[in-house]
Amino acid sequence: MDERGAIPNTSTLPPPPTYDLIVDGYTIAVPPPRSVLPLPGFLRPKPSETDHGTIIRDVSLRCESGEMMAIVGGSGSGKTTLLHALVGRLANLPVTAGQVKYEPAGISLSAKESIALSARKMKDRIGFVRQNDYLLEHLTVRETLDYAAALRLPSTISSSTRHLIVDQTIRELGLGDAADTVVGGALRKGISGGERRRLTIALSLISLPSILALDEPTTGLDAFTAYALLQTLSSLARKGRTVVMSVHQPRSDAWELFDRIVVLSKGDVVFAGRRERCLGWFEDMGMGRPGDRLDEQMAEKGSINEEADGGTGVNPLDWLIDICSVDPRDQGSSQRVSRLIRRWKEGGKTIADEHGPPRQSRVLSYAVQRVSSVQPQEQDMLYAGVDPDEDTPGSQPQALKRPGWARQTVVLTSRATKGVSRDYAQIMGFACQSIGIAVLLGITFLRLGETPSDIQSLKTLSYQHAPCYFYLTLIYAIYKFCETDLVIFDREREDHLYQVFPWLISEYTSTFALHAISSGLFAIILYFLTNMRTENLAANLFIFVAECVLVQLGTVGFALLAASLQRNYAQASLMANGLSIFFLLTAGYLLIHPPVYVDWVKWISVYYYGFRAVAISQFKDRVFACPGVEGVARNQCDGNQVLTGLRIPPDHVVGYYFSGLIGLAIAFPLIAGIILSVYKPGGTRYARKIDPSDSGKDPAAHSDMDISRQRIDVEVRNLGLTWTRISLLTRKKTEKRILSDVSAVFPSGQVTAILGPSGAGKSTLLQLLASRKMNAGVGAGFKPEGSILFNGRPVNKSMREHVAFVEQEDDYHLPALTVRETLRYAAILRLPKAMSRKSKIARAEEVMKMLGLDLCADNLVGGELLKGISGGEKRRLSLAVQMINDPAILIVDEPTSGLDALTANNVMTALNDIARSGRTIILSIHQPRSDIYVDKLDNIILLVKGGQVAYAGPRIEVGPTLASAGYPVPPLYNPADWLLDLASVDLRGDRETITRERVTKLVQLWAESHREKQELESKEEKEEGMREIGGQEERFTPMWIALPLIVERMTKNLWRQQAVFWVRLQQLPFLGVLFLLFYQRLKHGPSGGQDRIGYFQEMVSPVAFVGLLNCIAIFPKDRDLYFHEYRSSAAYSEATFVIGFTLVALPMEILASLLFTVVTNIGAGMQTSPRIFFEYAFAIFALQSNGESFGIIFACITNSLGLSVSCVISSLFSLQKLNKFNQLGFNFHHSIGPTIWDHIGLNSNLVI
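Note that full-length UniProt numbering has the sequence shown beginning at 1, numbered continuously upward.
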């Protein structure tokens, strides 16, 4: 029998220990701002009153084992912070009062462990699902779960049991269709966003934790999948686990799944207790019951909406969020919330401390039944329940034994090897690096002979080959560790998936072949191109190849060491570059007699050992022919004399230095592993609130929005899209249907919503309507079909300018700007130039209040390393930016994703109001609440998996259409949830066949009715229905408007990111100080001349790379924002963007160049005068600008920062080498290469 079909012995799965969660008076404060520079106390800015505050205040709650608790509240209410506190992941947030503890329930622990534990001590029994997904992009869904199961589950579980658990988890979370699909990433298309979310949740579920905490687990999921997930979590709770989650917009029928409810409002508790007590508490507070406010609103309208939708019930969770949130449009909401908070503090403690039903009956009585198709034995294996017989004195659960080091190493090595072997971009990059640099370096030292000049060249090559090749490896490895590898490592280590050294061993084992082959290929090509030592060829070639491989491994280890100390790429690369200067100068070539206080550095330099190993193999006991050289001059032709000149003792052998290389290749990662074990650098900083005066807060004004927009009806006819890829090796063609024969109308003046399960093609359809380019992946493409019409005419480039598109991702905002500043800059760029600046700013304030952003107007947006506004607030900010200029067609991808119920309703109300003014609103939506569905949506398009249409028409006709198909909407049921239930395939057990047949039936019924309707309409179609679309004003914002704004915006963003600002300013002077440590004051006379040449050559070479590092630190974020604005109504010319970025970077580059010149020119005692000083400074400035310019060029070609870094370094290196080819006639490269600026400074300083 197949291993996955075997029924394992369920006794191998022990029940998890059970715990009760208790929180008492917990308060978390806002952390004090951290200074980037170590300033004295009197120079530090005095903290303002607004700097002192709390994030959450006096939280007390209880959640017992066998219960599921939901934390709800408005956007920015502190849900995520509280959840992190419950699982002990607060990082640098100070706790000022209270405690979080876990008390053992029953006899789940031994007597020794039967005391209450803190969250940190519970780390091995807590499963945590973050709000963001961190996944390995080159593994399939099944492989990801297989490896997670092998690492998370007890080592006593058999392989067949693990496979069955994985299969069951895949079915539970509806990942069956994507089980064998790669996760994908920026350069490779993979699973959908909803599938990524479900996979992240599956990774935590598969570990069978005692405590399961989830941060917004249903965000990005359709209503059907979200409800199925909540059912699964509820079943986990019923079997003894404690489940805690924060939720935004759960379905109304999810209310009964929760045992406890916690309601937060701006950091204060409004309610925390048993679900049964929740509604009664608010009724006693005079808030009424769910539905009362709806009835009042209906009464005010004078009638009740009696549609054929079946009636719509009121979601209690939505109602709670509505009454406990401050609505900027409701003046009385603030007073209402303050009263609720005050009353809870006065009398809520007793409710928070209430116990649930007796534990045994609660655990064994299922409030929610499992899907009937799941076999009982499968449930027992996946959800290890608590045996009631074990609640007797003396009985003990089986101990969980996680995989040990050996098992972790094997599993991680297998996982990493698959990732490396499938990362074709990385493999191609290493191949190009090896061949390209070997050829360029080989041409530079082509066919060396045995003349004195060739001997000097061979000596140079013995040293130069290492920094030329392995510096690129260093930069790329630091980027890879900081941006991908260590990001995933940090998240998985927080989950206690494995220990540090098994990961370290697997990382090196999996990449050893790649590093060995690439560096070996470089060595072989270079060896034969340069005609290195041919006598005893096999031994000498082996020494050179082995030296290159070991230096490569040592360099990667050094990169890991730098990344382990600092996760930020800019700071890690600065650290590594500084130390690399020490390594290069102590290698024994550029500086023969370094000062004693830095000479010790050579013992930790791979370049020192590598250079000497190669030099010994090439020169020891070798006598060069040196034709025409006689007498004493022939000493330079003796290889042993060359080694003596390099201070290499004659009795030293290659093995001596190989031992050093091997030692460093082991020591660097070993030290990095120790650091990773005990030190966690960086972390998320919390942004301070900006003084409104710094944001330019002006008095209120009227926006005078008087933009004339033409009504545009959008129609798609038989639209289809197929993804295709042809294998380069087998030429096999792979196809996947994304959209299939979609026909629909999107009328102006109405809101049209696209519904459907995850992976149905909703986002793809929106991108096609918005004419956005999609990334098909390497070697793949899209094949479109059908047509898109605006007012009956095929869409063209001029018509596309009427469309605004709000993407699902919000990561293009500049992190160091406030919400108010972001909107004001957007208003100035997007609104017509005829409007005054004051009116534009007033429009920004108007939209900000419309979407409830005025409460966080002066907060920084934030980013990955700077905690700013909440996810919901960032989502509203993205929507506000696009709504600034009131576009004719507004397309929004998931406008309510990640928003609480109140904010989602406000956003949809704003979109509905825009539509009523004649605009065309098209949006996709996952989980609309019932009142949004009834009151805010006019048309519905229902897609199923495969991109087929199950319904497309007016919302009011949904009910009759479903009733005629035999699926009427149940009474008091959210029609949107019912639609998604019908259109989804349930992959759990035998329900898959039934639900697939139902979905197929709906698609066929709609296709038949739509065909009849289409034939009828074609007969009545008239030419007058086709309306011309007038042009709109010039798309590009004039430079005289855009340029000052771009400069101001970039300057503010840079200045507020103090770490980046000071790194840009410090790198060059820091580099100069490092050189000064080695060369000190240069001497005059003949001996000083050689020192000056070596000093200048080595000093100038890294300057261009400093410019590259400056580019990497700030440019990608500005580039992303420019590309986003270029595709929208905020477009400005490429010249405006480049000039703006140059003007911001110019002062810092000039200042850094002057400081560098002071240190290296005056400080080192080089020839100087006012003319020489400024010539020297200009040469350094030009070199730095050259490196940054190359970085900008390649960063604009590709979004992959790693690829662009590799290309830039290769290009700079190539130009440096080609500039030395005067004898080959390559002088034209002097006009574009950096070395021309070397000559300016060199000619100024060689006067002895």
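Every residue gets a Cβ at the ideal spot worked out from N, C-alpha and C, and that includes glycine. What you are looking at is a predicted structure, and each value in this text was computed from that prediction instead of being measured.
- Rounded to the nearest angstrom, the gap between the Cα atoms of R493 and V487 is 10 Å.
- Residue pairing by DSSP places W723 opposite K736, F782 in a beta bridge.
- Between L83 and L212, the alpha-carbon positions lie close to 11 Å from each other.
- When C-alpha distances from Y1126 are compared across T1142, K733, A1042, S457, the shortest belongs to A1042.
- According to the DSSP assignment, C63 belongs to the beta strand (DSSP E) that extends over 54 to 63.
- When secondary structure is reduced to three states using DSSP, M69 falls in the strand class.
- Residue environment: G655 is assigned as exposed (fewer than 16 neighbouring CB atoms within 10 Å of its CB, all protein chains considered).
- The beta carbon of A776 sits closer than 7 Å to those of K189, W723, F782, all from its chain and outside the five residues before and after it, given in chain order.
- For S924, there is no enclosing alpha helix (DSSP H); the residue is found in the beta strand (DSSP E) stretching over 920 to 924.
- Shown here, N775 sits in coil according to DSSP, grouped into three states, outside any helix or strand.
- Contact check for S870 against S75 passes: the beta carbons are separated by less than 7 Å.
- With fewer than 16 neighbouring CB atoms inside 10 Å of its own CB, V632 falls in the exposed class.
- For the region 170 to 225, the full-length beta strand (DSSP E) segments reaching 3 residues or more read 211 to 215 along the chain.
- One thing to note: E535 has its Cβ no nearer than 7 Å to the Cβ of V614.
- Taking S65 as reference, the option from V100, G78, R238, P968 with the minimal CA-CA separation is R238.
- It is roughly 16 Å from the alpha-carbon of V244 to the alpha-carbon of A105.
- Where Y26 is concerned, the enclosing beta strand (DSSP E) starts and stops at 19 to 29.
- Closest in alpha carbon position to M285, among S338, F544, G267, P250, is S338.
- In this model, N906 and W319 are separated by some 14 Å (Cα to Cα).
- Shown here for D1120: same chain residues with a beta carbon closer than 7 Å to its own, the five before and five after excluded, namely Y812 in chain order.
- Residue state for G1187 is assigned as helix, using DSSP reduced to three classes.
- When DSSP reads this structure, M245 sits in a beta bridge with A70, L214.
- Counted as a single uninterrupted DSSP element, the beta strand (DSSP E) harbouring Q948 occupies residues 948 to 954.
- DSSP places L264 within a strand segment (E or B) once states are collapsed to three.
- Rounded to whole angstroms, L1002 and D981 show a C-alpha spacing of 12 Å.
- The Cβ neighbour count for S798, taken over all protein chains shown within 10 Å, is under 16; the residue is labelled exposed.
- Residue environment analysis places P1069 among the buried positions, since at least 16 neighbouring C-beta atoms fall within 10 angstroms of its C-beta.
- Separation of the CB atoms of M1166 and D1118 is rounded to 36 Å, and the pair is thereby denied contact status at 8 Å.
- Around W344, the same chain offers V269, V270, F271 as residues with beta carbons nearer than 7 Å, after the five sequence neighbours per side are excluded.
- Secondary structure at D353: coil, using DSSP grouped into helix, strand and coil.
- Remark: C-beta atoms of E845 and C856 do not approach each other more closely than 7 Å.
- For I941, the closest C-alpha among the options W1040, I788, K762 is that of K762.
- Counting along the chain, G442 sits inside the alpha helix (DSSP H) bounded by residues 424 to 444.
- Around the beta carbon of F542, fewer than 16 other beta carbons sit within 10 angstroms, so the residue counts as exposed.
- For G76, there is no enclosing beta strand (DSSP E), since its DSSP letter is neither H nor E.
- Scanning its chain for C-beta atoms nearer than 6 Å, with the 5 sequence neighbours on each side dropped, one finds around R824 the residues I841, A844, in chain order.
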